[in-house]
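Take a look at the structure below.
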Amino acid sequence: MKVTVIGAGNVGASCADYLAQRNFLSELILLDIKENFAEGKAMDLNQTAVYNHFYTTIKGVTNDYPATAGSDVVVITSGIARKPGMTREELIATNAGIVKEVVLKALSHSPDAFFIIVSNPLDTMTYLAYKTLGIPRNKIFGMGGALDSARFKYYLSQALQKSPSDISALVVGAHSDTGMIPLIRWATYNGVPVSCYLSEQEMEDIVQKTKVGGATLTQLLGTSAWYGPGAAVAHVVQSILCNHHVIIPSSVYLEGEYGLQDVCIGVPSLISKNGIDSIKEIDLNEAELQQMRDVAASLQAINSRLFDNP
Numbered sequence: 071m072k073v074t075v076i077g078a079g080n081v082g083a084s085c086a087d088y089l090a091q092r093n094f095l096s097e098l099i100l101l102d103i104k105e106n107f108a109e110g111k112a113m114d115l116n117q118t119a120v121y122n123h124f125y126t127t128i129k130g131v132t133n134d135y136p137a138t139a140g141s142d143v144v145v146i147t148s149g150i151a152r153k154p155g156m157t158r159e160e161l162i163a164t165n166a167g168i169v170k171e172v173v174l175k176a177l178s179h180s181p182d183a184f185f186i187i188v189s190n191p192l193d194t195m196t197y198l199a200y201k202t203l204g205i206p207r208n209k210i211f212g213m214g215g216a217l218d219s220a221r222f223k224y225y226l227s228q229a230l231q232k233s234p235s236d237i238s239a240l241v242v243g244a245h246s247d248t249g250m251i252p253l254i255r256w257a258t259y260n261g262v263p264v265s266c267y268l269s270e271q272e273m274e275d276i277v278q279k280t281k282v283g284g285a286t287l288t289q290l291l292g293t294s295a296w297y298g299p300g301a302a303v304a305h306v307v308q309s310i311l312c313n314h315h316v317i318i319p320s321s322v323y324l325e326g327e328y329g330l331q332d333v334c335i336g337v338p339s340l341i342s343k344n345g346i347d348s349i350k351e352i353d354l355n356e357a358e359l360q361q362m363r364d365v366a367a368s369l370q371a372i373n374s375r376l377f378d379n380p
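Numbering of the sequence shown is given in the working numbering, commencing with residue 71 and proceeding in unit increments.
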C-alpha cells in the first residue's frame with residue numbers, strides 16, 4: 071500500500087511519522103515545494119526505523135508528482151499555517167490556489183486514490199477540492215472532526231480525571247472556532263453519560279474550550295499544532311486502507327443528509343475501504359439541527375465568495 075503526503079511541514083511530517091510507525095504501508099511519499107526539504111524530513115524519519123521497528127519506505131521529493139503515481143491515499147496538508155490571532159478563514163486566499171493546484175497534479179498520477187484534506191480552512195478547502203476534482207464524494211473528505219473529537223475527549227478527560235481512551239465523544243459541524251458543535255449530551259465515560267459526573271457549568275466550559283482548542287494551541291506554540299493533527303490523519307488513513315469500519319466525524323459533501331445540500335461539513339461517517347462508506351444521521355435535537363443549519367449557511371457564504379473570486 072502506498073500513501074502520499076503533500077506538504078512536509080510540521081503536520082505533514084508528523085502524519086508521515088505516525089503512518090510509518092503503524093507499519094502497514096509499503097511506501098510513503100513525502101512531497102514539498104521547498105527544495106530538499108521533504109528529502110531531509112524523509113531521511114530523518116527513515117533513521118528512526120532502527121528504534122521504532124517499522125518497514126515502511128519513506129521517500130522525500132521536491133515537486134516530483136510522478137513519484138506519487140499509484141498512491142492509494144493522498145493527504146493534502148499544503149498551505150500556510152495559522153499564526154496567533156488568525157482565524158482559519160483568513161487563510162482562504164493563499165491556501166485555495168495551493169490546494170487546487172496540488173490535488174489536480176496528484177489526481178493525474180493517482181486517479182483511483184482517496185483524498186484527505188487537512189489544509190485550512192478545512193471545510194472550504196474540502197469543498198474546493200471536491201468541486202475541482204469531480205470524483206465521487208466517498209473518495210474525498212476533510213479530516214476535521216477526528217481532530218476536534220480528540221480535543222473534546224481530552225478536555226473531558228481533564229475534567230473527569232480519567233483516561234481519554236475511555237471516553238466517547240463526537241464533534242460535528244465546521245472545523246472552526248465558531249462552527250464547531252461538540253455534542254456534549256452524547257458524550258460518555260465507559261458508557262455512562264458525562265452529565266452523571268459533571269455539572270452544567272463544567273460541561274459548558276468543556277464545550278467552549280473544545281471550540282477554541284486549535285486557537286489555544288496556536289497561541290501557546292506560535293503556530294498550528296501538529297502532533298494531534300498528524301495522529302488524527304494517520305488514524306483516518308489506516309481506517310481506509312485496513313478496512314476498519316469505524317465511525318469518524320469527517321467533512322463530507324452532503325446531498326440532503328441532515329437537510330443540508332451542497333456543502334462540506336463535519337458529520338459522523340463510517341470509514342472503510344470505500345472511504346466514506348456511509349453517513350450516519352444521528353438523532354440530533356432541534357437546537358443541534360439549527361446549529362448545523364446555521365454553520366452550513368455560513369460555510370456556503372464563504373464558499374460562494376471563494377468561487378466568485380478565484
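Built from N, CA and C at the ideal position, the CB exists for glycine as well.
For residue 102 and residue 84, the gap between their C-alpha atoms comes out near 14 Å.
Using a Cβ distance threshold of 8 Å, residue 317 and residue 340 count as a contacting pair.
At a Cβ-Cβ threshold of 8 Å, residue 81 and residue 299 count as neighbours. Between residue 121 and residue 87, the alpha-carbon positions lie close to 13 Å from each other. Remark: fewer than three beta-carbon pairs, one from each stretch, lie closer than 8 Å, so the region 311 to 329 and the region 104 to 114 are not flagged as touching. Counting along the chain, residue 324 sits inside the beta strand (DSSP E) bounded by residues 316 to 325. Membership of residue 71 in any alpha helix (DSSP H) is not indicated, and neither H nor E is assigned to it by DSSP. With respect to the C-alpha of residue 191, the residue from 183, 358, 335, 350 having the closest C-alpha is 335.
According to the DSSP assignment, residue 99 belongs to no alpha helix (DSSP H) but to the beta strand (DSSP E) extending over 97 to 102. Distance from the Cα of residue 143 is smallest, within the candidate group 96, 167, 216, 284, for 96.
Where residue 309 is concerned, the enclosing alpha helix (DSSP H) starts and stops at 297 to 311. Excluding sequence positions up to five before and after residue 308, its CB lies within less than 8 Å of the CB of 89, 92, 94, 314, all in the same chain and listed in chain order. With fewer than 16 other Cβ atoms from the protein chains shown falling within 10 Å of its own Cβ, residue 167 counts as exposed. Short of 6 Å from the beta carbon of residue 130, and not among the five residues preceding or following it, lie these beta carbons of its own chain, in chain order: 100, 108, 109, 111, 112. Taking the Cα of residue 261 as reference, the smallest distance to any Cα among 187, 235, 333 is reached at 235. For residue 273, there is no enclosing beta strand (DSSP E); the enclosing alpha helix (DSSP H) has its first and last residue at 270 to 281. Within the region 208 to 281, the complete beta strand (DSSP E) segments of 3 residues or longer fall at 210 to 212, 241 to 243, 250 to 252, listed in chain order. Taking each of 179, 195, 186, 140 in turn and checking the Cα distance to residue 374, the smallest one comes out for 195. By the criterion of a C-beta distance shorter than 6 Å, residue 77 is surrounded in its chain by 147, 148, once the five residues flanking it on both sides are discounted.
Per the Cβ contact rule, the region 216 to 233 is not in contact with the region 167 to 180 (fewer than 3 Cβ pairs under 8 Å). For residue 141, the CB contacts under 8 Å within the same chain, skipping 5 residues up- and downstream, are 72, 73, 74, 99, 176, 179, 180, 183 in chain order. The beta carbons of residue 346 and residue 255 sit no closer together than 8 Å.
For residue 331, the beta-bridge partners assigned by DSSP are 325.
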